[in-house]
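Heads up: the structure comes next, in structure tokens.
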Amino acid sequence: MANDTLKKSVTFISRHAPYGVNNARLTLDMALASAVFGQNVSYVFMQDGIYQLLKNQHADGIHSKTLGKALETLSLYGIDEVCVDAESLAERNIQSSELIKDVQLVSRVEIAKLIDEADAVFNL
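Okay, structure coming up:
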């Protein structure tokens, strides 16, 4: 059996702010694990999940690891499709220039297509 037949397309949707609950950290850990095991990973940030992508986060004051720094390394794990819901940005009056680099602004229609085409979807 060829390796390509084992490779799946997995989409992770992160909807929660980076701190306060551990959904954001769990989603990141699952996405990284999937990428390490050779899956095709898409990572979508929407609703309050977009706050995870803001530049210059410092979580030291709450005795936590800064999630934004880990997200900046996604491409090192082969996660190149990092998408941000453009409507969520507009609803929160956040400009794309305020986000970490290497993210793609996408519409909810494009997000629906990613979900539809994925072999598995994790929505946290």
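Here this note's numbering is used: the first residue of the sequence shown is 90, the next is one more, and so on.
Beta carbons: idealized from backbone N, C-alpha and C, even for Gly.
Please read all numbers here as calculations on a predicted model, not as lab measurements.
CA nearest to the CA of residue i, picked from the options
| i | options | result |
| --- | --- | --- |
| A175 | L188, A159, I204 | L188 |
| S196 | V110, E180, K144, A120 | E180 |
Distance, residue j Cα to residue i Cα
| i | j | result |
| --- | --- | --- |
| S131 | D169 | 7 Å |
| D137 | K190 | 18 Å |
| A122 | Y166 | 9 Å |
| L115 | L95 | 24 Å |
| V99 | L178 | 23 Å |
| N145 | M119 | 24 Å |
| A201 | N112 | 21 Å |
| L142 | L160 | 7 Å |
Residue i in three-state terms, based on DSSP
| i | result |
| --- | --- |
| D174 | strand |
| L203 | helix |
| S123 | helix |
| Q128 | coil |
| A209 | strand |
beta-carbon residue i near the ligand ZN non-hydrogen atom, thresh 7 Å
| i | result |
| --- | --- |
| V173 | Absence of the ligand ZN from the depicted structure is noted, as is the absence of any ligand whatsoever, leaving it without description. |
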